[in-house]
Amino acid sequence: MLLAKEALLDCITLSNCDELILSPSNLSYTALVFNPEVKYTIIESKVATWKG
Numbered sequence: 001m002l003l004a005k006e007a008l009l010d011c012i013t014l015s016n017c018d019e020l021i022l023s024p025s026n027l028s029y030t031a032l033v034f035n036p037e038v039k040y041t042i043i044e045s046k047v048a049t050w051k052g
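Each residue of the sequence shown is one higher than the one before, counting from 1 in UniProt numbering.
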């Protein structure tokens, strides 16, 4: 439960910023739901970094 509260706090904190640089994640997208007017850039890696 603590992790969920921390994630929600992160979303709210991000949504109060003037501009965001985000990675593609549910946490980032949720911050945009809290403040759809915020300027943002989503950065993505063109190379897969996961190795199984």
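Positions of the beta carbon are idealized from the N, C-alpha and C atoms, including for glycine.
DSSP state of Lys5, grouped into three classes?
-> helix
Nearest-angstrom Cα separation, counted from Ile21 out to Thr41 | Straight-line measurement puts the Cα of Ile21 at about 5 Å from the Cα of Thr41.
Considering only the beta carbon of each residue, do Ser15 and Ala31 sit closer than 8 Å?
-> yes
From the DSSP output, in three-state form, read off Ile12 for me.
-> In the three-state reduction of the DSSP assignment, Ile12 falls in the helix class.
Report the rounded CA-to-CA distance for Leu8 versus Val47, giving the unit in angstroms.
-> 29 Å
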